[in-house]
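Participant: I am attaching a structure below and will ask some questions about it afterwards.
Number of protein chains: 2
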Amino acid sequence: MSSLFRNLRIHQVFGANTDVGKTILTTALVRASAWKNVPVHYLKPVSTGPIEDADDRHVRFFADADSKEVHANCLFRFDEPVSPHLAARLSNRQADVPSDEAFVNAVAENIRRTAQRISRLSHMYVETAGGVHSPTLSGTTQVDAYRPLFLPTILVADAHLGGISSTISSYESLLLRGYIVDLVLLFKDAYYRNFEYLTPYFSERGVRVLSMEPPHKRLANPDEERAKMDEYYSRLAPDCLQGGMFDALDHLDDCHARRIAELDSVPQRTSDTVWWPFVQHGLMKAPSDINVIDSAFKDFFSIYNGHKAAIPDSADTSLLEPQFDGSASWWTQAIGHAHPALALAAARAAGRYGHVMFPEGTHAPALKLAERLVHEGPGKGWASRAFFSDDGSTGMEVALKMALRAYASRNPTPSVDGLRRKGLGILGLKGSYHGDTIGAMDACEEGVYTCEWHDGKGYWLDPPTVSNKKGRIVVSLPPSMAEDVMEVDVGSLQQAYDVQSRLETPLARLYRSFVARALEKLKKSYIPEIAALVLEPLVMGAGGMIFVDPLFQRILIDVVRASGSHSPSGSAGGWSGLPVIFDEVFVGLYRLGLQTTGPLLGVNPDISVHAKILTGGLLPLAVTLASDSIFRAFNSDSKLDALLHGHSYTAYPVGCEVANETLSIVEKMANGGQWDGARARWNASGGSKETSVWSFWTPDFIDKLAKLDIVDEVMTLGTVLAFKIGANTEGYRSHSAQIALESLRLPHPEQALSSAPGGAPFGVHYRTLGNIAYFMLSLNTPSIVVETVESRILATLHTLRD
Amino acid sequence: MSSLFRNLRIHQVFGANTDVGKTILTTALVRASAWKNVPVHYLKPVSTGPIEDADDRHVRFFADADSKEVHANCLFRFDEPVSPHLAARLSNRQADVPSDEAFVNAVAENIRRTAQRISRLSHMYVETAGGVHSPTLSGTTQVDAYRPLFLPTILVADAHLGGISSTISSYESLLLRGYIVDLVLLFKDAYYRNFEYLTPYFSERGVRVLSMEPPHKRLANPDEERAKMDEYYSRLAPDCLQGGMFDALDHLDDCHARRIAELDSVPQRTSDTVWWPFVQHGLMKAPSDINVIDSAFKDFFSIYNGHKAAIPDSADTSLLEPQFDGSASWWTQAIGHAHPALALAAARAAGRYGHVMFPEGTHAPALKLAERLVHEGPGKGWASRAFFSDDGSTGMEVALKMALRAYASRNPTPSVDGLRRKGLGILGLKGSYHGDTIGAMDACEEGVYTCEWHDGKGYWLDPPTVSNKKGRIVVSLPPSMAEDVMEVDVGSLQQAYDVQSRLETPLARLYRSFVARALEKLKKSYIPEIAALVLEPLVMGAGGMIFVDPLFQRILIDVVRASGSHSPSGSAGGWSGLPVIFDEVFVGLYRLGLQTTGPLLGVNPDISVHAKILTGGLLPLAVTLASDSIFRAFNSDSKLDALLHGHSYTAYPVGCEVANETLSIVEKMANGGQWDGARARWNASGGSKETSVWSFWTPDFIDKLAKLDIVDEVMTLGTVLAFKIGANTEGYRSHSAQIALESLRLPHPEQALSSAPGGAPFGVHYRTLGNIAYFMLSLNTPSIVVETVESRILATLHTLRD
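Spelled out as structure tokens, the structure:
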């Protein structure tokens with residue numbers, strides 16, 4: 010948990026290498042604080058080597074042995090003077106080795122207690138061991154292990170030969186984890202003069218460098234050494250309380266104050282300058298309602314609360330609090346925020362290419378991504394080509410251009426030339442959403458999400474839906490389809506999604522005749538002339554987390570394809586009836602626990618669109634996959650027949666490399682048995698591994714939730730949980746779910762949870778769609794976090810019922 | 010210049026620190042090659058310290074003193090055993106210190122000569138000095154200084170205490186520059202056991218680690234030391250030619266062969282899987298036409314040519330060649346490819362946030378970018394809000410939604426409710442292009458760039474244009490406007506763009522009455538009902554690099570605004586007549602030498618759109634700026650009135666941080682006098698600094714180009730050069746410019762240019778639009794490169810004339 014206190018200025022001290030003077034310079038800092046009469050807390054989380062050489066002892070001894078305001082602590086001690094991970098192993102005290110989580114929790118707890126104890130401005134230093142990437146006790150390297158704490162940093166540079174390099178590299182490793190480096194400290198070595206090089210180098214990068222006189226060579230006589238060392242420290246923190254380390258103190262105090270002042274000003278400034286998407290600014294009550302995200306890590310935002318309500322000017326409350334990213338940041342997060350592997354992937358593609366022109370060109374990241382999506386990913390078995398664009402909406406525009414052209418080129422006259430081409434329409438489902446560019450909007454019915462130029466081009470069927478109503482898994486039929494029954498029991502979730510086994514049920518027959526009739530009617534009306542079938546398979550997200558009966562989507566595709574006169578020719582096959590587009594932007598790449606929806610539905614599309622999780626929740630990229638017959642519709646000897654759609658940053662290497670890295674990590678999770686536990690809980694009712702549905706949420710929680718009075722229905726698949734708060738209005742018009750859940754957002758201090766970052770209680774950031782509340786997990790959210798969110802949801806809804 | 014030869018396998022050796030055994034392990038590598046009878050070349054570009062300790066001497070002595078197949082060289086020697094930058098300074102031999110360019114050229118030249126000399130498979134090692142970030146002679150750190158060569162890398166890890174950290178950090182610094190790390194080599198220290206940690210660590214990241222027995226402690230007796238060292242090397246490269254360093258050789262040979270095989274396969278695989286934007290695949294002649302970009306640096310791609318035509322299997326030709334990115338990668342590049350500051354900016358935002366949900370939230374990179382664009386950037390003086398989206402096309406869709414709503418809310422009845430809202434149109438210019446999503450397309454006339462759903466909504470005026478025709482700067486009037494004259498002489502480029510001084514000319518009066526008549530006519534026709542004025546100021550790029558007479562655009566805006574009955578109310582003012590949108594995606598942020606076009610035109614827009622250079626040519630991001638009166642049109646107490654447009658990755662921190670870094674760098678260039686030389690050449694004819702126009706291309710070249718028979722007209726502003734090859738067809742229909750320039754693309758080996766990376770001759774990658782050829786520079790393309798491109802263009806066109 011990131012910590013920030015008004016009165017406790019904390020810095021962690023990282024070294025550019027071992028033996029660069031970290032402890033000596035930190036001791037001098039501590040001593041300077043003490044001499045200024047500022048209470049100062051020194052923490053060495055891990056110490057290796059004999060106790061008589063321990064850094065905390067050194068600090069305590071030299072900082073100001075008599076002062077009651079100097080506190081030095083160590084959390085974990087091991088005897089061997091080697092890297093902590095090795096010292097722990099050699100010690101044969103495996104039981105004393107904390108997990109990474111327990112480790113940061115221990116540090117966070119120490120910080121929290123310190124903050125509670127102080128009554129006036131105090132300083133704190135957390136001194137790490139060795140270099141920035143030296144392993145901690147568990148073996149995780151320090152920059153990663155300390156990252157959940159997100160403490161501002163002092164980097165002690167290396168004054169030796171070679172030290173310019175180790176210092177800059179260490180700095181870059183810190184930046185790759187997002188750390189704020191406030192100060193670079195080093196010894197002023199007169200021969201190698203690294204300080205001369207590093208001072209302007211860091212100054213250009215906005216980082217202050219201070220260099221200090223180095224200590225003498227260690228003396229053999231302990232008493233003489235002690236006396237001389239004491240003298241040395243006196244020079245670094247002289248009696249006049251100016252110069253030397255006092256410059257460092259002033260600078261660090263200033264950084265601390267500026268950081269808080271900056272954060273304090275952020276809400277008002279944001280409210281003055283930013284125009285948010287989908288937000289009615291007129292309804293924002295006050296700048297203090299703005300979610301100020303200071304950093305993020307794994308499933309959590311670190312939220313600034315210093316600008317909220319009157320917080321007493323005491324030092325015991327952190328100005329930063331963890332908030333669970335309950336919407337997976339608009340459904341994009343797959344492996345948690347700030348994953349170092351993705352930061353490195355972005356960096357290495359930026360360093361190798363920057364961006365390079367794509368048409369008629371190629372580069373490894375784009376080619377690898379295309380191949381992996383076409384051959385091993387969602388395109389497996391049907392796709393032949395990958396087309397790159399920038400986001401789900403543009404990916405859908407590309408898909409629509411593909412489908413319309415494929416249709417138009419097969420049906421050239423008389424209906425689709427000239428003006429009639431603009432009249433082509435699509436067949437879809439009510440509640441669809443494909444993005445906010447006009448083309449993507451035009452593939453949806455006009456309704457809530459609309460604007461001046463939106464001109465829905467097509468026809469939308471009202472679909473039957475699956476849900477858990479008070480413990481029963483039922484398919485609800487829309488009025489247009491319901492003759493005598495409105496709801497059909499379909500047994501378990503597993504049975505509902507076992508599409509193959511349902512193909513001959515009475516419901517299947519009902520769907521078949523309903524779709525056939527609808528197509529017949531459409532054909533007769535001529536306007537619009539339907540040119541493509543466009544579906545969000547399984548779940549329509551933005552339309553209100555509508556879980557469409559998969560059987561209905563399967564039959565819709567079957568009937569559309571059977572209606573075609575075209576019989577697939579050659580081994581490449583071809584589309585039949587209408588080109589079928591799967592918009593998998595939201596549902597694909599394991600958001601619902603499935604790589605892709607085709608195998609579950611038992612049919613493949615002709616075109617599919619992928620985004621969101623594709624880049625692991627780091628940056629925008631979309632890929633539209635197409636079958637060979639779709640691709641061939643654009644092939645000719647005229648440039649004008651080409652697919653005339655391209656963005657400047659098409660297939661930019663950074664996006665492609667991050668996507669490749671994400672897919673590697675995600676596929677490893679999918680195939681590594683990591684989800685077997687969750688799967689097993691849901692798979693009781695059977696189903697083959699490939700198509701069986703399951704959820705990251707616990708069955709017991711779903712059952713309890715479904716049975717709450719206030720909850721009308723619940724659905725879950727994969728990482729998604731959605732439930733309807735009792736009310737009839739839907740979509741953006743109603744705020745009932747938002748009102749119901751308002752209290753979730755605040756952290757519950759009474760509920761200390763050891764597994765949250767830093768052991769802190771946390772709030773839950775959520776989004777609602779009218780009276781639908783939904784929550785989304787990453788693919789690696791720890792189960793203890795899931796369970797805590799579940800209990801928070803139940804507790805909140807319980808309160809409302811009363 | 011990146012080098013890759015079939016028969017010369019080259020690796021550069023970087024150290025994780027100084028004193029990690031780089032020279033010893035490299036010597037062992039060299040010795041192993043020699044013992045396998047493979048010719049081996051060792052190069053130490055910079056050596057510091059006494060000659061008797063020099064690494065190249067050590068290598069020569071121990072590798073295989075008798076072999077004629079061992080070659081060891083050093084390029085720059087300095088006596089003091091300190092960092093090269095310091096050794097150079099202490100030497101008082103400033104004249105011998107090469108610039109970064111001369112330095113890489115010397116290394117590249119040595120590599121080239123070596124390649125020419127060999128007749129069979131050979132090895133080469135380039136050993137760097139100190140750690141990865143140790144400064145070279147000039148002071149630039151090595152990872153950056155060696156980057157133009159882009160050599161595959163061996164990282165010698167640090168086996169000491171703290172060495173895990175320095176090794177991983179060094180590796181990350183290498184990745185940040187895109188280097189391919191083929192092997193990590195280190196000593197097997199039995200106490201610190203870094204190899205035990207690093208082997209699985211790097212294995213997970215796909216990098217092989219080999220650890221070797223460390224050498225003995227140095228002996229005092231030189232003869233004994235030499236004998237013992239020789240023994241030691243014999244153990245690393247044993248007589249059986251297996252194990253030890255031979256494993257390393259096999260692995261490195263394998264990496265080399267796999268890299269070439271991979272590159273060889275890329276064109277066919279790309280041709281099988283990728284669907285390019287704007288490319289007629291049916292016209293691609295063969296996979297060998299595909300531009301295989303292996304890496305990029307500054308203004309150059311590094312292009313693989315191994316798959317092209319029959320290249321003799323000799324070792325003397327590099328399989329990689331530099332190619333000048335003559336279209337600035339679709340007009341995106343501002344500071345060159347793979348700029349380390351942008352890679353670091355991307356990394357630090359990825360490490361701090363990943364992506365975080367934006368609506369109702371905020372984070373520092375987005376807020377800073379919004380403020381800087383609104384207050385100091387193109388929004389200065391008129392904008393109040395920044396809205397984020399993903400690319401120029403989506404940014405324009407947002408702009409259109411803003412303008413249409415602003416218009417509709419001020420003109421609510423009877424014309425704009427219900428169906429009529431869809432009939433709203435825009436006023437624009439023929440030749441406009443605003444992106445490829447349907448909304449952006451609908452703001453353009455239907456024509457070449459079109460597709461099934463494109464439905465141009467508006468009216469487009471045929472604009473007068475400025476150009477240099479055979480040395481005369483003329484305004485050409487379209488037929489609709491020309492009564493008796495078709496061309497008007499406007500003196501100099503400076504005079505043409507001094508809009509203020511032209512406001513009372515006869516041409517201005519002609520424009521005024523032309524526009525007034527056009528508006529009158531439009532008002533009467535009612536369909537479409539014009540709701541916004543949408544312009545690409547100064548240059549319409551994709552439409553064919555059309556340089557519109559700025560006076561016409563100014564008067565168009567003036568007349569439109571004067572036609573409004575609305576008088577700006579309150580201090581915030583408001584739009585009048587029609588909301589005016591400036592699409593500055595292409596022209597803005599110094600592409601034309603101007604931060605924004607408003608000051609030159611003497612009017613500000615109500616809405617403007619920014620992308621491309623915004624992110625320095627690294628990744629996609631767009632910002633739409635709006636005035637307060639536009640913003641207020643969406644403010645109400647109903648969520649449905651909000652601007653319902655938002656992408657998942659809206660305002661993603663990585664994009665915003667890269668944009669902030671780019672703007673800092675670009676503004677520093679703009680204000681640092683870096684362009685004063687180019688400016689001065691063009692400013693002879695006067696003009697105030699803020700609005701004066703100028704070009705990065707040389708006036709003399711422009712003059713010569715304009716006077717070529719084959720060239721009809723030429724224009725240049727800022728980094729842009731465009732010229733029309735004699736022909737009448739325009740746009741994508743014609744390929745005449747492409748045919749004319751085909752020969753530019755191939756490197757001209759006879760034309761060795763010392764300033765190109767690695768002193769190599771280079772090809773020029775270009776794009777054409779029909780019979781328009783255009784070229785674009787970065788904002789920091791060196792003038793020697795510009796001049797070489799200029800002479801290449803002239804030479805190519807000269808050939809054609811004959």
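For the record, the sequence lines run as chains P and S.
Read in our numbering, the first sequence has 104 at position 95, and its numbers run on one by one without any break.
Read in our numbering, the second sequence has 560 at position 551, and its numbers run on one by one without any break.
Just so you know, even glycine gets a beta-carbon here, dropped at the ideal spot from N, CA and C.
1) Please identify the residue among S/K479, S/M495, S/N477 and S/K478 whose C-alpha is closest to the C-alpha of S/S485.
2) For S/I674, which residues does DSSP report across the bridge?
3) Any beta carbon from chain S within less than 9 Å of P/L160's own beta carbon?
4) P/I177 versus chain S: which residues are under 8 Å apart at the beta carbon?
5) Whose C-beta lies closer than 7 Å to the C-beta of S/K237 among residues of the same chain, with five residues either side of it excluded?
6) Given that a residue counts as buried once 16 or more other Cβ atoms are within 10 Å of its Cβ, and exposed if not, what is P/D239?
7) Apart from the five residues on each side of it in sequence, which residues of its chain come closer than 8 Å, Cβ to Cβ, to S/A375?
8) Leaving out five residues before and five after P/L778 in sequence, what residues of the same chain have Cβ atoms less than 6 Å from its Cβ?
9) Does the separation of the CB atoms of P/L730 and P/S752 fall below 9 Å?
10) To which residues of the same chain is S/S304 closer than 7 Å at the C-beta, ignoring the five residues directly before and after it?
11) Alpha carbons only, please: which of S/R801, S/D263 and S/D445 is nearest the one belonging to P/H5?
12) Which word fits S/K533, buried or exposed, when buried means at least 16 other C-beta atoms lie within 10 angstroms of its C-beta?
13) Check whether chain B comes within 9 Å of S/W584, counting only Cβ atoms and requiring the distance to be less than that.
14) I'd like to know whether the C-beta atoms of P/A373 and S/V216 end up nearer to each other than 9 Å.
15) Report the rounded CA-to-CA distance for P/L653 versus S/V288, giving the unit in angstroms.
16) Considering just the uninterrupted stretch of the beta strand (DSSP E) at P/E538, what are its terminal residues?
17) Please determine, among S/M785, S/R754 and S/Y241, the residue with the shortest C-alpha to C-alpha distance to S/R801.
18) Which chain S residues sit within Cβ distance under 7 Å of P/W340?
19) To the nearest angstrom, how far is it from the Cα of P/W684 to the Cα of P/Y506?
20) Taking the runs of the beta strand (DSSP E) that are 3 residues or longer, which of them lie wholly in the segment 311 to 364 of chain S?
21) Please state whether DSSP places P/R86 in a helix, a strand or coil.
22) How about S/G674: is its C-beta nearer than 9 Å to some C-beta of chain P?
23) Does P/R267 have its Cβ less than 9 Å from a Cβ in chain S?
24) Grab the span of the alpha helix (DSSP H) containing S/T176 for me, first residue to last.
25) Cβ of S/L258 within 8 Å of any heavy atom in the ligand FAD?
26) To the nearest angstrom, how far is it from the Cα of S/S336 to the Cα of P/A651?
27) When the cut-off is 9 Å and only beta carbons count, does S/M293 lie next to chain P?
28) Which of the three DSSP states, helix, strand or coil, is assigned to P/V771?
29) For S/A581 and S/S638, I'd like the C-alpha separation in whole angstroms.
30) With a threshold of 9 Å between beta carbons, is S/D445 in contact with chain P?
31) Going by beta carbon distance, what residues of the same chain come within less than 6 Å of S/A115, once the five residues before and after it are set aside?
32) What does the alpha-carbon distance come out to for the pair S/Y741 and S/E455?
Facilitator: With the structure as the only source:
1) S/M495
2) None; S/I674 has no bridge partner.
3) The C-beta of P/L160 comes no closer than 9 Å to any C-beta of chain S.
4) H142, T150 and S182
5) H225 and L228
6) exposed
7) For S/A375, the CB contacts under 8 Å within the same chain, skipping 5 residues up- and downstream, are F367, F397, A660, P662 and C665 in chain order.
8) Within the same chain, G553 come within 6 Å of P/L778 by CB-CB distance, once the 5 residues on both sides are set aside.
9) no
10) S11, F159, G187 and S311
11) No answer is possible for residue 5 of chain P: the residues shown for chain P start at 10 and end at 811.
12) exposed
13) As a matter of chain content, chain B is missing from the structure shown, whose protein chains are P and S.
14) no
15) Taking the Cα positions, P/L653 is about 8 Å away from S/V288.
16) E538 to L544
17) Looking at the Cα atoms, S/R754 is the closest of the given residues.
18) What P/W340 touches in chain S: S657.
19) 19 Å
20) You should have 329 to 334.
21) strand
22) As written in the sequence, residue 674 of chain S is Ile, which differs from the Gly given in the question. No, its Cβ sits nowhere closer than 9 Å to a Cβ of chain P.
23) The C-beta of P/R267 comes no closer than 9 Å to any C-beta of chain S.
24) G172 to L185
25) Among the ligands in the structure shown, none appear at all, so the ligand FAD cannot be discussed.
26) 21 Å
27) yes
28) Position check: residue 771 of chain P holds Phe in this sequence, whereas Val was assumed. Annotated three-state conformation of P/F771 is coil, per DSSP.
29) Note that S/A581 scores a pLDDT of 45, beneath 50, so its modelled location is shaky and nothing firm can be said.
30) yes
31) Cβ within range, chain order: L84.
32) In this predicted model, S/Y741 has a pLDDT of only 42, less than 50, meaning its place in the structure is not dependable enough to derive any value.
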